[in-house]
Amino acid sequence: MTGRRELVFLVFVVVILLGGIAFDVMSSDVAEQTSIAAEGERFESRAVFCPPASGKAKANTYFTVASGTGEDTVVGTSSGVDEPADLAADQIQSFHSERSDALDIVGFGSTVVASGISARRDPSGAGAAQCASEASERWYFAAGSSSIDVTEKILIYNPFPDEAVVSLGAITPRGELSRTALRDLAVPAKEWRTIVFSDVVQVKNTIAVEVETRRGRVVAWRETTAFGKRVTKGIEFDLGAPAPEMQWYFPDGAVGEGAEETISLLNPGEQEAVVSVILATPEETLTPPDLVEFVVPPRTQRVISVGDYTGKKKSELMSVSVIVTSLNGQPVIAERVVSLDTEDLSGRSSELGATETSPAWFLGPAARAPSADAVVVMAPGSEDVTVDLTILSENGSLLAPAELQGLQITAGSRIKVAIGEWTRGEMMGVIVSSDQDVVAERFSYSEGAADISALMGQPIKMLP
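Numbering-wise, my numbering puts 278 at position 298 of the sequence shown, and it's gapless, one number per residue.
Here's what the structure looks like:
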């Protein structure tokens, strides 16, 4: 019996070995095809999560991706439609969705940066927002409104294979509002949902939003449509902040006749925040006494009307940059809203500030077919700066016009450079490279949508 058992066992081992060899041979091609997806860091660290578009009206979303490291890479998406494709370091790639779904864009071999544009009809408008490089347990929006003239929506996307559960809170200048209708909301795996915030929160002219997960991690964007007679019409669209920070930079902005710029500050912490707010006009840097030590009580929101502190006549239209800095160690969230209603420009935009400086930035397109297109660069340091702008297209052709090279910025100031002559109403990316740390942002106007849009840059690493 022992001999027979040993013989059977030997035959069994041989069969397993032969089967393993056959499996290796049969699966070798498959392994070669899928290895690129398995190499490097895990999916989440290689992916960026791009926004959906809400609403029953026809909406189109356009996504633009570029290398985040100055290296050639391969990009793919979660749509199941787009095949992985090569992406050179000196080009962009665009994806278009008529389904208005959220989209994961994955870089194989190099990290990527991306942004999205949402364009819609009835009401007409357009907005741009960054794709998120991470999912988070919390998201914050310092600006917003639930007034009768606007519809405010929070778009929440769950990119993971398990259900997420979220709760939303409203914070006003007087403190928190509690709404049980906004608690324990399920977001199914790999799906997104829209919460019409203005429908479930009492009417408030200004309101901040806090998104907290009870289970899982998500990504959140805010989309606010202004349509009433008492407000400037347009769409505000931006990615939330996953955490409060100590400093916020806003290169662009506008005050004067037909223009309004506000900075909303949210303190989600349990301690008072004391911040300084510095304004920079084309002529000077301002430190208004009321903004030197501006107090934001715990769990409250404050709104600053920038035009009240510039010291200029209301009839003078001009750009204003802003830097918000926490002075007492309590971090905050800062968000800017700009509305324009002039002879040449109209619409609304919102954007969280940048939280860091960098010598290199990628700026995705801020509009699908911009009739006006500009790059704004701020030099917040103590040294003068030299900046070069390079325009990237989808076909890989680089544009580095002499007029966009060697641009000089005085320390503490900023410049706004019109680039429409070279982008020609098309979706093109821009690389901003500098000899010092700067902050960069993009401004566009869509005549067809009758709306302005802003898009903060994303820091990138450039190869030497």
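The beta carbon of each residue, even a glycine, is placed where N, CA and C say it ideally should be. Being a predicted model, the structure only gives us computed values, none of them experimental.
For residue i, name the three-state secondary structure that DSSP assigns.
i: L384; result: helix
i: R26; result: helix
i: P141; result: coil
i: G149; result: strand
i: E156; result: strand
i: E114; result: coil
i: A161; result: helix
i: D270; result: helix
i: E401; result: helix
i: E406; result: coil
i: E315; result: strand
i: T280; result: strand
i: V310; result: Residue identity differs from the one stated: residue 310 is Gln in this sequence, not Val. Coil at Q310, not helix or strand.
i: E427; result: coil
i: S414; result: strand
i: T261; result: coil
i: V167; result: strand
i: D62; result: coil
i: S362; result: coil
i: L297; result: coil
i: S47; result: strand
i: G20; result: Low confidence applies here, because G20 scores a pLDDT of 35, under 50, leaving its location unreliable and the question unanswered by this model.
Since residue i and residue j are thought to touch, with beta carbons under 8 Å apart, how far apart are those beta carbons, to the nearest angstrom?
i: E427; j: G437; result: Not a contact, Cβ separation roughly 24 Å.
i: A144; j: V167; result: 4 Å
i: P231; j: R394; result: 5 Å
i: I411; j: T370; result: 4 Å
i: A109; j: W228; result: Not quite, the Cβ-Cβ distance comes to about 17 Å (not below 8 Å), so this is no contact.
i: Y289; j: P262; result: With a Cβ gap of about 16 Å, Y289 and P262 do not count as contacting.
i: I134; j: V189; result: 6 Å
i: V235; j: V286; result: 6 Å
Please report the residue range of the alpha helix (DSSP H) in which residue i lies.
i: V397; result: From DSSP, V397 is part of no alpha helix (DSSP H) but of the beta strand (DSSP E) over R394 to A398.
i: D179; result: F177 to V180
For residue i, write down the residues that DSSP places opposite it in a beta bridge.
i: W201; result: L135 and L219
i: Y120; result: E190 and A221
i: S285; result: T242
i: E421; result: V356 and M436
i: N40; result: A99
i: T305; result: Q227 and S256
i: M442; result: Its beta-bridge partners do not exist; DSSP assigns none.
i: R173; result: I136
i: T464; result: Nothing about residue 464 can be read from this structure; the chain reaches only from -19 to 444.
i: A206; result: V130 and G214
i: D321; result: S326
i: G233; result: Paired residues: none, contrary to the question.
i: V275; result: V254
Starting from residue i, trace the beta strand (DSSP E) both ways and give me its first and last residue.
i: E241; result: A239 to N247
i: T193; result: A188 to R195
i: L435; result: D431 to M436
i: M358; result: A352 to M358
i: F342; result: S338 to L343
i: A106; result: G105 to Q110
i: A391; result: Unbroken run through A391: none, as it is neither H nor E.
i: Q251; result: Looking at the DSSP string, Q251 is not in any beta strand (DSSP E), and its letter there is neither H nor E.
i: A69; result: Premise fails: A69 is in no beta strand (DSSP E) and is neither H nor E.
i: A94; result: V92 to R100
i: R328; result: S326 to L332
i: Q73; result: Q73 to S77
i: T446; result: Absent from the model: residue 446. The displayed extent of the chain is -19 to 444, so no value can be given.
i: T366; result: V365 to L372
i: V86; result: L83 to F88
Does the ligand ZN have a heavy atom nearer than 8 Å to the CB of residue i?
i: L148; result: As for the ligand ZN, it is missing from this structure, which has no ligand bound.
Stretch pair the stretch 316 to 336 + the stretch 201 to 216: three plus CB contacts closer than 8 Å: yes
Validate contact between the stretch 328 to 343 and the stretch 378 to 387 using beta carbons, cut 8 Å, 3 pairs: no
At least three beta-carbon pairs within less than 8 Å, the stretch 118 to 136 to the stretch 56 to 72: no
The stretch 134 to 154 in contact with the stretch 231 to 240 per 3-pair CB rule at 8 Å: Verdict: no, contact absent.
Inter-stretch contact (C-beta, 8 Å, three-pair minimum) for the stretch 41 to 55 and the stretch 80 to 89: yes
Cβ contact (3+ pairs, closer than 8 Å) linking the stretch 253 to 261 and the stretch 340 to 348: no
The stretch 304 to 317 / the stretch 217 to 227 touching (three or more Cβ pairs under 8 Å): yes
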